[in-house]
Amino acid sequence: MATIKCIGILTSGGDAPGMNAAIRAVTRTAIFHGLQVKGIYRGYKGLITGEIAEFKSQNVSNIIQLGGTILKTARCKEFRTPEGRAIAYETMQREGIDALVVIGGDGSLTGARIFAQEFNIPCVGLPGTIDNDLYGTDSTIGYDTALNTILDAVDKIRDTATSHERLFFVEVMGRDAGFLALNGAIASGAEAAIIPEFNTEVDQLEEFIKNGYRKSKNSSIVLVAESELTGGAMHYAERVKNKYLDYDVRVTILGHLQRGGSPSAQDRILASRLGAAAIEALLDDQRNVMIGIVHDEIVYVPFSKAIKNDKPIKAELVNVLRALSI
Numbered sequence: 001m002a003t004i005k006c007i008g009i010l011t012s013g014g015d016a017p018g019m020n021a022a023i024r025a026v027t028r029t030a031i032f033h034g035l036q037v038k039g040i041y042r043g044y045k046g047l048i049t050g051e052i053a054e055f056k057s058q059n060v061s062n063i064i065q066l067g068g069t070i071l072k073t074a075r076c077k078e079f080r081t082p083e084g085r086a087i088a089y090e091t092m093q094r095e096g097i098d099a100l101v102v103i104g105g106d107g108s109l110t111g112a113r114i115f116a117q118e119f120n121i122p123c124v125g126l127p128g129t130i131d132n133d134l135y136g137t138d139s140t141i142g143y144d145t146a147l148n149t150i151l152d153a154v155d156k157i158r159d160t161a162t163s164h165e166r167l168f169f170v171e172v173m174g175r176d177a178g179f180l181a182l183n184g185a186i187a188s189g190a191e192a193a194i195i196p197e198f199n200t201e202v203d204q205l206e207e208f209i210k211n212g213y214r215k216s217k218n219s220s221i222v223l224v225a226e227s228e229l230t231g232g233a234m235h236y237a238e239r240v241k242n243k244y245l246d247y248d249v250r251v252t253i254l255g256h257l258q259r260g261g262s263p264s265a266q267d268r269i270l271a272s273r274l275g276a277a278a279i280e281a282l283l284d285d286q287r288n289v290m291i292g293i294v295h296d297e298i299v300y301v302p303f304s305k306a307i308k309n310d311k312p313i314k315a316e317l318v319n320v321l322r323a324l325s326i
């Protein structure tokens, strides 16, 4: 295998707090090992348009505390076509980029996997998504910060819910994963979480009402994962309004609020460790792997596993929430 001399780095898909910490770690670890680094702007789009700049250590100074991504991010339809990927490969050759570090979620890693296979390029992925839905890692970059944002919001909503004796449905992100909703509910002392993983098994709303909402409490907060499977918070609010007329129901959709903000200490440390490990992996001839963390140890997860396998929700967490919400 040819020696790697220059590494390209990009962020793709939805932004997540801690991506900048990861960019910084990848850049500085690469420079530390005598490699050249190039920042690719706007995700895979930048690989096609050639929006690329050389990164020195100072390019990543004073960014560890920033949310979002200094490299910007975009969804790129062109990269989904063989023609688009061929242009991206030409750009890489022209720029002298030998290997790619991709920071992003499910879709971003899928793109990296196809690209790596087609052109035999060493690609390493870092799990950057607030949803925490990538298989093979205990936590993804941005998840802890998003969870703390939800916690802060729900604490504030509880003040008004209690004052007015209301039932609040709070919709949180997570696409088709209930990690933010479930752990957010446990952390904020919410009464229930409606998550896609259990949507087919039980009618989660009926169960919540049946378990005695109103018996011991004058206000309630239910976290709902945004998902086509759950139908979101509005769907549940409508159902309650139509069926239980005496409930005073409100909805709060947290939306993109959850993506932003300065990353927590945990996310900065995670991003720094994963970013440094990405370079070590490439120097170690690893390719087509996502760098994850399991039981506080760095692991290499093949792209195919990280993307294809669903990350399970622990049933124990559901039981904890159930017991603590009486």
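Heads up: the sequence shown is residues 1 to 326, going by the numbering used here. Glycine included, each C-beta is placed from N, C-alpha and C at the ideal position.
Around the beta-carbon of Phe-168, 16 or more other beta-carbon atoms lie within 10 Å, marking it buried. If you look at Leu-109, you'll find it in the alpha helix (DSSP H) that goes 106-119.
If you check the CB distance, Ile-23 and Ile-97 do not come in under 8 angstroms. Residues of the same chain with a CB within less than 7 angstroms of the CB of Asp-144, apart from the 5 flanking positions on each side, are Ser-264, Gln-266, Asp-267 in chain order.
By the Cβ neighbour-count rule, Asn-62 is exposed, with fewer than 16 other Cβ atoms within 10 Å of its own. Straight through space, the alpha carbons of Lys-5 and Ala-112 are spaced by roughly 19 angstroms. The beta carbons of Arg-42 and Lys-72 sit closer together than 8 angstroms.
Annotated as proximal: Thr-129 and Gly-14, with beta-carbon spacing under 8 angstroms.
When beta bridges are read from the DSSP output, Gly-8 appears opposite Lys-38, Leu-100.
Where Leu-223 is concerned, the enclosing beta strand (DSSP E) starts and stops at 220-225.
Within the same chain, Thr-137, Asp-138 come within 7 angstroms of Val-294 by CB-CB distance, once the 5 residues on both sides are set aside. The Cβ atoms of Glu-54 and Lys-38 sit closer than 8 angstroms to each other. For Val-60, the CB contacts under 7 angstroms within the same chain, skipping 5 residues up- and downstream, are Ile-23, Arg-24, Thr-27, Arg-28 in chain order. Closest in alpha carbon position to His-256, among Val-124, Asp-131, Ile-31, is Asp-131.
Comparing alpha-carbon positions, the option among Glu-316, Ala-306, Thr-230, Leu-321 lying closest to Gly-107 turns out to be Ala-306. Between the C-alpha atoms of Ala-187 and Glu-165 there is a straight-line separation of about 21 angstroms.
In this structure, DSSP gives Arg-250 an extended state, which the three-state scheme calls strand.
Cβ atoms of Ile-221 and Glu-197 stay farther apart than 8 angstroms, at about 20 angstroms.
In the DSSP assignment, Gly-292 falls within the beta strand (DSSP E) that extends over 289-294. Within the DSSP secondary-structure output, Gly-261 pairs in no beta bridge.
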